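**Q**
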Amino acid sequence: MRKDCPSCCDIVLFGALGDLSRRKLIPALYQLERMGLLADETRLLGAAREQLCDADIGAIVNSIIEEFVPAAARDTVSLEQFCKRFQYVAMDFSQTGDYQLLQQKLGDNNRQKIYYLATPPSLFSEICEGLSRVDLTDEPARVIIEKPIGHDLTSSQVINENVGRFFNETQIYRIDHYLGKETVLNLLALRFANSLFSNNWDHHAIDHIQITAAEQVGVEGRWGYYDDAGQLRDMVQNHLLQVLSLIAMEPPSRLDAESIRDEKLKVLKALRPITAGNSQQMTVRGQYDKGFAADKKVPGYLDEEGAKENSSTETFVALKAYIDNWRWSGVPFYLRTGKRMPQKRTEVVITFKKQPHNIFHETLPDLSPNKLVIRLQPDEGVEVEMINKIPGLGKRMQLKATTLDLSFDQTFKKKRIADAYERLLLEVMHGNQYLFVHRLEVEHAWQWIDGILAAWEVTDESPKLYPAGSWGPLAAVTLLAQDGREWDE
Ligand code: BG6
Numbered sequence: 037m038r039k040d041c042p043s044c045c046d047i048v049l050f051g052a053l054g055d056l057s058r059r060k061l062i063p064a065l066y067q068l069e070r071m072g073l074l075a076d077e078t079r080l081l082g083a084a085r086e087q088l089c090d091a092d093i094g095a096i097v098n099s100i101i102e103e104f105v106p107a108a109a110r111d112t113v114s115l116e117q118f119c120k121r122f123q124y125v126a127m128d129f130s131q132t133g134d135y136q137l138l139q140q141k142l143g144d145n146n147r148q149k150i151y152y153l154a155t156p157p158s159l160f161s162e163i164c165e166g167l168s169r170v171d172l173t174d175e176p177a178r179v180i181i182e183k184p185i186g187h188d189l190t191s192s193q194v195i196n197e198n199v200g201r202f203f204n205e206t207q208i209y210r211i212d213h214y215l216g217k218e219t220v221l222n223l224l225a226l227r228f229a230n231s232l233f234s235n236n237w238d239h240h241a242i243d244h245i246q247i248t249a250a251e252q253v254g255v256e257g258r259w260g261y262y263d264d265a266g267q268l269r270d271m272v273q274n275h276l277l278q279v280l281s282l283i284a285m286e287p288p289s290r291l292d293a294e295s296i297r298d299e300k301l302k303v304l305k306a307l308r309p310i311t312a313g314n315s316q317q318m319t320v321r322g323q324y325d326k327g328f329a330a331d332k333k334v335p336g337y338l339d340e341e342g343a344k345e346n347s348s349t350e351t352f353v354a355l356k357a358y359i360d361n362w363r364w365s366g367v368p369f370y371l372r373t374g375k376r377m378p379q380k381r382t383e384v385v386i387t388f389k390k391q392p393h394n395i396f397h398e399t400l401p402d403l404s405p406n407k408l409v410i411r412l413q414p415d416e417g418v419e420v421e422m423i424n425k426i427p428g429l430g431k432r433m434q435l436k437a438t439t440l441d442l443s444f445d446q447t448f449k450k451k452r453i454a455d456a457y458e459r460l461l462l463e464v465m466h467g468n469q470y471l472f473v474h475r476l477e478v479e480h481a482w483q484w485i486d487g488i489l490a491a492w493e494v495t496d497e498s499p500k501l502y503p504a505g506s507w508g509p510l511a512a513v514t515l516l517a518q519d520g521r522e523w524d525e
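Under our numbering, the letters of the sequence shown match residues 37 to 525, in that order.
1. Hey, quick one: how far does the alpha helix (DSSP H) through Lys300 stretch, first residue to last?
2. With distances taken Cα to Cα, identify the nearest neighbour of His275 among Asp264, Asp212, Asp243.
3. In the stretch 306–331, which residue ranges form an unbroken alpha helix (DSSP H) of at least 4 residues, counting only runs that do not cross its ends?
4. Assuming Ile296 contacts Pro288 under a Cβ cut-off of 8 Å, what Cβ separation, rounded to an integer in Å, is found between them?
5. Ser506 to Asn196, Cα distance in whole Å?
6. Enumerate in chain order the residues of its own chain whose CB-to-CB distance from Glu286 is below 8 Å, with the five nearest sequence positions on each side excluded.
7. Relative to the C-alpha of Val272, which candidate in Gly260, Thr132, Ser315, Leu355 has its C-alpha closest?
8. In its own chain, which residues sit with a C-beta less than 7 Å from the C-beta of Met318, not counting the 5 before and 5 after it?
9. My guess is that Leu215 and Gln278 are in contact by the Cβ rule of under 8 Å, so how many angstroms apart are they, rounded?
10. Which same chain residues end up closer than 7 Å to His239 when comparing Cβ atoms and leaving out the 5 residues on each side of it in sequence?
11. As an exercise, report each continuous beta strand (DSSP E) stretch of at least 3 residues that is fully enclosed by the stretch 337–395, in chain order.
12. For Val473, which residues from the same chain have a beta carbon less than 6 Å from its beta carbon, with the 5 sequence-adjacent residues on both sides left out?
13. Assuming Arg321 contacts Pro503 (C-beta within less than 8 Å), just tell me the rounded distance between them.
14. Along the chain, where does the alpha helix (DSSP H) containing Val464 start, and where does it finish?
15. Quick check on DSSP: helix, strand or coil for Phe448?
16. Since Thr155 and Gly82 should fall inside the 8 Å C-beta cutoff, what is the C-beta to C-beta distance between them, to a whole number of angstroms?
17. Can at least three beta-carbon pairs, one atom from the stretch 476–486 and one from the stretch 246–260, be found at a separation below 8 Å?
18. For the candidate residues Pro106, Gln139, Cys89, Gly72, whose alpha-carbon lies nearest to that of Gln117?
19. By Cβ distance, which residues of its chain are closer than 7 Å to Gly458, with the 5 residues on each side in sequence left out?
20. Specify whether the stretch 398–406 and the stretch 428–447 touch according to this definition: at least 3 beta carbon pairs, one from each stretch, less than 8 Å apart.
21. Restricting to runs no shorter than 4 residues, where is the alpha helix (DSSP H) found entirely within the stretch 107–176?
22. Could you spell out where the alpha helix (DSSP H) holding Ser99 opens and where it closes?
23. Taking the continuous alpha helix (DSSP H) assigned at Val179, which residues delimit it?
24. Does any heavy atom of the ligand BG6 sit closer than 7 Å to the C-beta of Lys60?
25. Run through the DSSP bridge pairs and tell me what Ala437 is partnered with.
26. Can you give me the C-alpha to C-alpha distance between Ala491 and Gly133, rounded to a whole angstrom?
27. Per the contact definition of three or more C-beta pairs closer than 8 Å, is the stretch 77–91 in contact with the stretch 37–52?
28. Of all the options Val464, Thr373, Ala511, Asp524, which has the alpha carbon lying nearest to the alpha carbon of Arg269?
29. For Leu56, list the residues DSSP reports as bridge partners.
30. Pro84 bridges to which residues according to DSSP?
31. Roughly how many whole angstroms lie between the Cα atoms of Gly54 and Ala91?
32. Using a Cβ-Cβ cutoff of less than 7 Å, which residues in the same chain neighbour Lys141 once the five nearest sequence positions on both sides are dropped?
33. Can you tell me whether Arg178 is buried or exposed, with buried defined as 16 or more other CB within 10 angstroms of its CB?
34. Over the uninterrupted beta strand (DSSP E) stretch that includes Val48, give me the two end residues.
35. With distances taken Cα to Cα, identify the nearest neighbour of Ile180 among Leu153, Ser192, Phe328, Asp171.
36. Look up Val409 in the DSSP assignment and say whether it is helix, strand or coil.
And the structure:
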């Protein structure tokens, strides 16, 4: 056990056998075990419908780790210890009596309780109510919930109300897994630990900002869920707006939940509404058609398994956003995200303003602007693009655009970068909310997104098709070209 290991607690995973638990939560908890970050006495409790006993769950957890954790990131000793921590309670979440079983299992003690609701949001309310009936919701109990927190502002308010009836805001940890990514956190370090950037972080110095979250995958067997959401709800409402808030917020006075969340919220409130009047100049919706992914032929969105005919759900969206405040006046933030793009790539590109006058025009007529590129994934790192002189004795100075490339891999010699869920689970155990989303952030983000959805409904335009394996419809290029800019490829 490490010195900085959080104190012991009981973590209950509701929906312990579901996809999120299997792919993300159990593997993340296991990595914490390996790193000595689970206290000796910490207990893990799976809760799900299946009729299993404590002995079964150990074997299931073992097989989950073998399936989802690469061999190089697991070892027999820690795995055995991890499986031993698990207990199980079979529950029908709608049955009040079943919460008594859970209560008995947890026992009558003052141990810190953490509930992870890895279930559809439609069950949040009844689980919270069930826990409250057996007095399991009192402080310092903590509850973790995940997206989708609603389908729009109204439904998100209902979810937040329902959970809020049983837990105070300080007990609620709303996960946006992007906030647990190493490189997203590095945004805070870059901005607030380096005067080079913090002194040049506004409309005086910055021309525009691009945020791209491209994925090579399609809808991966979850057509039904996805079709109901679309890329705007699935990626922009949460992940992209969180990244945007961290880039655009004012310096918080402290590195704590209240200071950071207050500043992020101000950014969301200052987003200029997109309406039916301007949505055609500010947004592009696309849907992938058949094409290629990793050199293999893949079907279009409407030909995927389970697809309904004529769906007009977008699998790609590009937006131009403005933040109406002093710092960002006139600086466009271009957001772009889509499925079936040529590669997985999430990055932020900050393009600085060009030099006002070029004394090198004879050898370099066009001085390209400096760019700060933050590669969130894969190949995490930071690049600064700048102009340098090419060494040599020529009469005229020869210049070249060059890149200062700081790859995390090379610089920090880290074999493995922790998954977002490892950090987030650890922060919940420490009781630190700064990487979790406040209710008001969720609701203000929805308010802005609802405006875009309403505008799309009025303009009633179908999404533009793009071939799988391309960077989206041509209109996304035009979105920037009309401002004399282009996407950073
Ligand atoms: C999820 C979305 O929240 O984020 C998925 O529901 C998407 O559609 C995923 O694929 C992307 O996450 P990451 O960490 O791979 O960028």
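Backbone N, C-alpha and C define an ideal beta-carbon position, used for all residues, glycine too.
Quantities reported herein were computed from a predicted structural model and do not represent experimental measurements.
**A** Let's see:
1. Looking at the DSSP string, the run of the alpha helix (DSSP H) that includes Lys300 is 293–306.
2. Asp212
3. 315–318
4. 5 Å
5. If you take the alpha carbons of Ser506 and Asn196, they lie about 38 Å apart.
6. Glu299, Lys302, Arg363
7. Of the listed residues, the one whose Cα sits closest to Val272 is Leu355.
8. Ile310, Leu355, Lys356
9. 6 Å
10. Arg363, Trp364, Ser365, Gly366, Val367
11. 352–357, 369–374, 381–388
12. Arg210, Asp212
13. Between Pro503 and Arg321 the Cβ distance is about 16 Å, and since that is not below 8 Å, they are no contact.
14. 456–466
15. helix
16. About 12 Å separates the two Cβ atoms, so there is no contact after all.
17. no
18. Gly72
19. Residue identity differs from the one stated: residue 458 is Glu in this sequence, not Gly. Excluding its 5 nearest sequence neighbours in each direction, Glu458 has C-beta neighbours in its own chain below 7 Å: Ala64, Gln67, Leu68, listed in chain order.
20. Here the stretch 398–406 lies against the stretch 428–447, with 3 or more beta-carbon pairs under 8 Å apart.
21. 112–121, 132–142, 160–169
22. 90–104
23. From DSSP, Val179 is part of no alpha helix (DSSP H) but of the beta strand (DSSP E) over 178–182.
24. no
25. Ile423
26. 47 Å
27. yes
28. Thr373
29. Bridge partners of Leu56: none, in fact.
30. Inspection of the sequence shows that residue 84 is occupied by Ala rather than by Pro. DSSP lists Ala126 as the beta-bridge partner residues of Ala84.
31. 19 Å
32. Cβ neighbours of Lys141 beyond the five flanking positions: Leu81, Gln123, Val125.
33. buried
34. Where Val48 is concerned, the enclosing beta strand (DSSP E) stretches over 45–50.
35. Leu153
36. strand
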